[in-house]
Amino acid sequence: MDNPDRHDPAPQDAPALLSELMQHLRGLVEAEIALARAEIRRKLSDAGTGVTLVLCAIPLALVGLGLILTALVGALLALGWPLWLAALVPGAVCLVLAALLALVGKSRLSVAALTPQKILSHVRKDLQMLKETTHA
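As structure tokens, then:
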């Protein structure tokens, strides 16, 4: 049973179809570029956050460690520890904590964290669709 509301589009010649296809491809490419820009902006913002964390960790670690180490060394000396051991143990613990902070900050600056995954996924899908339509 035919649907009276449905009508077949008028056949178009090859140049008109090619022109329409190129317009759609141009629109698709422009949309992908806009999406890529937005994703890259967000990734750069994340990188800025990573840099900020690392830069904030340094002075905080220095001031805090100085104060805590002084108190801790005094407490360990009061417990009868030798001076060299009372200073070495807390210093080593502080270095481990500073390394952990630096690693967390560095992970936010890695290439994998900054790669625009969404746009790459979209481009792969678009290329696959294009291959399928051109081979059909």
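Numbering follows numbering that gives the first Met the number 0, with no gaps: position 89 of the sequence shown is 88.
No residue lacks a Cβ here, since even glycine has one placed at the ideal position from N, Cα and C.
Since the model is a prediction, treat every value here as computed from it, not as a measurement.
Contact check for residue 49 against residue 123 fails: the beta carbons are separated by 8 Å or more. At a Cβ-Cβ threshold of 8 Å, residue 113 and residue 42 count as neighbours. A distance below 8 Å between beta-carbons, with the five flanking residues on each side excluded, links residue 72 to the following residues of its chain, in chain order: 82, 85, 86 and 89.
DSSP places residue 107 outside both helix and strand once states are collapsed to three, so it counts as coil. Between residue 93 and residue 75, the C-beta gap is not smaller than 8 Å, which leaves the two residues out of contact.
Sequence-distant partners of residue 117 (beyond 5 residues in either direction) whose C-beta falls short of 8 Å from its own C-beta, in its chain, are 34 and 38. For residue 59, the enclosing alpha helix (DSSP H) starts and ends at 13–77. For residue 125 against residue 27, the beta-carbon gap comes to about 6 Å, under 8 Å, which counts as contact. Taking residue 100 as the centre and dropping the five residues before and after it, the same chain places the C-beta of 56 closer than 6 Å to its C-beta, in chain order.
Counting only the Cα atoms, residue 45 lies some 12 Å from residue 105.
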